[in-house]
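**Student:**
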Amino acid sequence: MSMNVEPSVAALTAFLRRVPMLLKTIVLNVLSISPASRKQNLRMEVVVALIRSYLDYSSPPGKAQRGSMKDPGIKGRMWVSKITMPKPPENDALDSLRRAIDSLKEGDESYDVPEIGDVEAEWTGYRAGVRSDASQPDVDEAVKYERLMEEVTEDLTILYFHGGAYHLMDPCTHRSVTSKLAKLTRGRCLSVRYRLAPQNPFPAALLDALVSYLYLLSPPEGSLHAPVPAGKIVFAGDSAGAGLSLALLQTLLALRRMSPDGTIRFHGKDIPIQLPAGVTTSSPWCDQTRSLPSTFANAKFDYLRPPHQDTNSVFTPIPFPEDAIWPLSPPRVDFYAYASAAIHPLVSPLAGPSDIWKDAPPIFITIGEESLQDEGFYLARKIHRVGGTVTLEHFEGMPHCFALIFLNNPAAKRCFRTWAAFCVDAVHGRVERTGKAVFLDRNGKNEEMKDLEGLGELSDEEVQKRLKAGRDWRVEGEKDLISKWMAKAERARL
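Residue numbers (the UniProt record's numbering): 1 to 494.
(1) Quick check: the stretch 117-125 against the stretch 50-65, are at least 3 beta-carbon pairs closer than 8 Å?
(2) Can you find the residues in the same chain that come closer than 6 Å, C-beta to C-beta, to Gly388, ignoring five residues on each side of it along the sequence?
(3) Which runs of the beta strand (DSSP E) fall wholly inside the stretch 351-389 and span at least 3 residues, in chain order?
(4) Just checking, does the stretch 63-79 make contact with the stretch 203-215 on the three C-beta pairs under 8 Å criterion?
(5) For the structure I just gave you, are there three or more beta carbon pairs, one from the stretch 22-30 and one from the stretch 373-385, closer than 8 Å?
(6) Using only the alpha-carbon positions, how far apart do residue 505 and Ser34 sit?
(7) How far does the alpha helix (DSSP H) with Cys415 in it extend, from its first residue to its last?
(8) Go ahead and pull the three-state DSSP assignment for Met149.
(9) If we count Cβ pairs, one from each stretch, closer than 8 Å, do we get three or more for the stretch 179-193 versus the stretch 409-427?
(10) If you drop the 5 nearest sequence neighbours on each side, which residues of the same chain put their C-beta closer than 6 Å to that of Glu109?
(11) Taking the alpha helix (DSSP H) that Ile482 belongs to, which residues open and close that run?
(12) In chain order, what residues of the same chain have a beta carbon less than 7 Å from the beta carbon of Gly456, not counting five sequence neighbours either side?
(13) Which whole-angstrom value describes the C-beta separation of Phe161 and Leu244, a residue pair presumed to lie in contact below a C-beta threshold of 8 Å?
(14) Would you identify the three-state DSSP class for Val5, choosing helix, strand or coil?
(15) Using a 10 Å radius around the Cβ and a threshold of 16 neighbouring Cβ atoms, would you call Tyr145 buried or exposed?
(16) My output table needs one value for Leu196: the three-state DSSP class, helix, strand or coil.
(17) Would you check if the distance between the CB atom of Leu206 and the CB atom of Thr251 is smaller than 8 Å?
(18) So is Ser398 buried or exposed if we call it buried at 16+ other beta carbons inside 10 Å?
(19) Would you call the stretch 257-265 and the stretch 310-327 touching, i.e. three or more CB-CB distances under 8 Å?
(20) Which full runs of the alpha helix (DSSP H) of 4+ residues lie inside the stretch 267-320, going along the chain?
(21) Could you tell me whether the stretch 78-90 touches the stretch 122-130, using the rule of 3 or more Cβ pairs below 8 Å?
(22) In three-state DSSP terms, what is Gly125?
(23) In whole angstroms, what is the alpha-carbon distance linking Leu23 and Val234?
(24) Buried or exposed for Trp14, going by 16 or more other Cβ atoms inside 10 Å?
(25) Tell me which residue opens and which closes the beta strand (DSSP E) that Gly237 is part of.
(26) Per DSSP, what kind of secondary structure is Ala242 in: helix, strand or coil?
(27) With DSSP as the reference, please indicate the residues paired to Ala437 in a beta bridge.
(28) Do you know offhand how far Met1's Cα is from Asn443's?
(29) Is the distance from the Cβ of Val228 to the Cβ of Ala209 below 8 Å?
(30) Starting from the Cα of Asp355, find the closest Cα among Thr84, Asp460, Ile264 and Met69 and give me that residue.
(31) Quick check on the DSSP output: what are the complete alpha helix (DSSP H) runs of length 4 or more inside the stretch 37-78, in order along the chain?
(32) Per DSSP, Leu190 forms a beta bridge with which residues?
(33) What residues are listed by DSSP as bridge partners for Thr185?
(34) What would DSSP say about Arg430, mapped onto helix, strand or coil?
(35) If the criterion is Cβ atoms closer than 8 Å, does the pair Leu159 and Ala230 meet it?
(36) Out of Arg99, Leu372 and Thr281, state which residue places its alpha-carbon closest to the alpha-carbon of Phe422.
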């Protein structure tokens, strides 16, 4: 019994410690004197403050990771069919990815070469005519997939990558999102369980993403689905998963530049390197260094904590308690990538020259007035300037990935409608290049159109300069960590 009670007691104790903070937030919002009260209602500001208070880095990374991946079960108006994409016998996907990475290097960026392996995923679709608490039938995964496909009426497959800063969460945590997109599009989602950092740093997740795309294009024998044309696939993701979606697109663009008629060998077949119909993102994480002004200026609306800013000191990692997966030996300053690779375009999609976005398919960005706002703004502007088609929607006062947290909020409903509509329009070739961004109030209404060219106050050169400064600060911090680690190892040897 104690095993069941203790976590509840711990959770209650943790919540009670936050009661004074929550009461203060309530009073200040009601009096309209809190930092966010002008743009956030009481419920929004309280929930944001509560989430922020839990993101305090007090749990060891392994414990936080395991907790974030706990499966809540499958209930309600969704079909979920779990699959494993088998490891291809060839290494061509890995070799192709390495060529793409190396083609976008600007110096001595370091990365570990991952092994190619099986990739797990979930097919998700809408399930009509059942209660919100309905359980999945006790049938095998193939039958669930058949039932799922019986309700798919749009020839659209969304390849979905979950968020979680590359080290948290799982497809099981995002079923409410993928099932909602499936419902609104009448298509289906393939949600990928990519490998997580820090155990599996860049480019392991990107390799899994590439394998997933190839799997859709050319499924090996025994797969549940038939081959999906590239023009019927849309990449999608939130936060880090949105960054991963963009990095996967960049990988394909880089490979096509190197070899316009190139192929990738996958399960015995040569697969042409084709682009998807589009890429859709919610609050994309495009700058691993978090060096842009909105990181700090919009912190009052967001639950993401800004990093420390004292660049006169040595950069140090977030002070997580140590456990079996962190820190590493030799050490890194960041979970996802070596410091030298922090602004490689496949790590931070905002980085790099504008022309690497030439020939990209239509891209959708939905973002709040959040810490990552500038990353979305400057990425949209960069893609537009090279002739790309970008649809950007900005929501006043909304925190990071707000639509995924406040599903029934009017702004969230608007966000999901336009997100889903873009997916459908992309596979039908109906997305128009307007050069405009849509700014909405906190209720998802009162639209104002703004030119993509006018987004942000920094030039592309100033943005890249800030990213490089953030990278260089990390490089020096990582050198310092490694030096201390080596000295400690030497003392232990003696």
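Yeah, the Cβ is synthetic: ideal placement off N, Cα and C, and Gly gets one too.
Just so you know, these numbers come straight off a predicted model, no measurement behind them.
**Tutor:** Let me spell this out:
(1) no
(2) If we look at Gly388 and ignore the five residues flanking it on each side, its Cβ neighbours are Trp357 and Ala360.
(3) 363-368
(4) no
(5) no
(6) Given that the chain is displayed from residue 1 to residue 494, the structure contains no residue 505 and the question cannot be resolved.
(7) Pro410 to Val427
(8) helix
(9) yes
(10) Ser340, Ala341 and His344
(11) Segment Asp460 to Arg493, the alpha helix (DSSP H) holding Ile482.
(12) Asp374, Phe377, Tyr378 and Arg381
(13) 5 Å
(14) Residue placement at Val5 is poorly supported in this model, since its pLDDT is 42, which falls under 50; the coordinates are not used for a value here.
(15) In the assembly as shown, Tyr145 is a buried residue. Its beta-carbon has 16 or more other beta-carbons within 10 Å.
(16) Leu196: coil per DSSP, three-state reduction.
(17) yes
(18) According to the sequence shown, residue 398 is Met rather than Ser. Buried: at least 16 other Cβ atoms inside 10 Å.
(19) no
(20) 294-297
(21) Counting Cβ pairs under 8 Å, three or more are found: they touch.
(22) strand
(23) So the two alpha carbons sit approximately 43 Å from each other.
(24) Position check: residue 14 holds Ala in this sequence, whereas Trp was assumed. Exposed, because fewer than 16 other Cβ atoms sit within 10 Å of the Cβ of Ala14.
(25) Ile233 to Asp238
(26) If DSSP states are grouped into helix, strand and coil, Ala242 belongs with the helices.
(27) Leu392 and Lys450
(28) Note on Met1: pLDDT 31, under 50, position unreliable in the model; the coordinate value appears next. Rounded to whole angstroms, Met1 to Asn443 spans 45 Å at the Cα level.
(29) No. Outside cutoff.
(30) Asp460
(31) 42-54 and 61-68
(32) Trp123 and Leu159
(33) According to DSSP, which records beta bridges pairwise, Thr185 is partnered with nothing at all.
(34) Reduced to three states, the DSSP call for Arg430 is coil.
(35) no
(36) Thr281
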